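Asks:
Numbering (the working numbering), first residue to last: 21 to 190.
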């Protein structure tokens with residue numbers, strides 16, 4: 021499925037369940053939100069996206085502790101969930117937050133090259149119960165990796181929405 025199909029699927033799910041979403045994007049640099057915004061009518065359900073590409077921006081805009089980034093790196097499950105938690109706290113109208121961090125290369129440490137973390141957090145959900153996963157991207161080129169990562173974020177958000185409201189789908 022291409023990235024636009026993922027966006028349409030998520031938009032349909034948000035509208036059907038009347039839920040609003042906000043993003044905290046690092047490695048995708050706003051591509052997730054921009055892609056979702058290409059779907060007509062999404063303004064009812066898309067609150068926005070905090071593009072926090074640099075570590076200092078993560079600290080200043082979303083109050084991610086510098087010590088957390090120093091200890092675990094910005095590309096980690098813990099920082100990803102903190103991004104989701106903090107962007108959700110700052111966006112009172114959102115029901116759901118999705119965060120993404122990653123190393124898309126070049127010049128990434130070998131063990132993190134092409135690795136992303138995606139975190140999904142619902143309002144009222146304990147952070148310990150939230151979904152976060154690491155994904156090694158298949159693409160090797162930077163722009164292709166951004167598109168692949170954005171598709172994964174949109175897909176994970178859709179899957180979380182479907183799982184939470186599956187009884188409504190029956």
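Note that CB positions come from ideal geometry on N, CA and C, so glycine has one too.
Computed from a predicted model, the values in this text were never measured in an experiment.
Going by DSSP in three states, residue 43 sits in which element: helix, strand or coil?
Replies: Three-state result, residue 43: strand.
Asks: Just confirm the distance between the C-beta atoms of residue 123 and residue 95, as a whole number of angstroms; I'd bet it's less than 8 Å.
Replies: At roughly 5 Å, the Cβ-Cβ gap stays under 8 Å, so residue 123 and residue 95 are in contact.
Asks: To the nearest angstrom, how far is it from the Cα of residue 117 to the Cα of residue 157?
Replies: So the alpha carbons of these two residues sit roughly 22 Å apart.
Asks: Apply the 10 Å Cβ neighbour rule to residue 166 and answer buried if 16 or more other Cβ atoms are within range, or exposed otherwise.
Replies: That one is buried.
Asks: Counting pairs of beta carbons, one from the segment 55-65 and one from the segment 76-91, are three or more of them closer than 8 Å?
Replies: In short, these stretches do not touch, since the Cβ pair count stays below three.
Asks: Which runs of the alpha helix (DSSP H) fall wholly inside the segment 101-181 and span at least 4 residues, in chain order?
Replies: For the segment 101-181, not a single whole alpha helix (DSSP H) run of length 4 or above is found.
Asks: What is the rounded straight-line gap between the Cα of residue 152 and the Cα of residue 101?
Replies: When rounded, the distance between both Cα atoms is 7 Å.
Asks: The beta strand (DSSP E) spanning residue 68 covers which residue range?
Replies: Unbroken beta strand (DSSP E) run through residue 68: 66-71.
Asks: Specify the secondary structure class of residue 63 as computed by DSSP and reduced to three states.
Replies: Residue state, collapsed to three classes: helix.
Asks: Is residue 116 near the ligand COA - that is, is its Cβ less than 7 Å away from at least one heavy atom of it?
Replies: In the structure shown, the ligand COA is absent, as is every other ligand, since no ligand is present at all.
Asks: Can you tell me which of 39, 126, 22 and 24 puts its alpha carbon nearest to the alpha carbon of residue 182?
Replies: Answer by Cα proximity: 39.
Asks: Expressed to the nearest angstrom, what Euclidean distance is found between the alpha-carbon atoms of residue 170 and residue 176?
Replies: Rounded to the nearest angstrom, the two C-alpha atoms are 10 Å apart.
Asks: Report yes if the C-beta distance between residue 140 and residue 180 is below 8 Å; otherwise report no.
Replies: Taking 8 Å as the Cβ cut-off, residue 140 and residue 180 qualify as a contacting pair.
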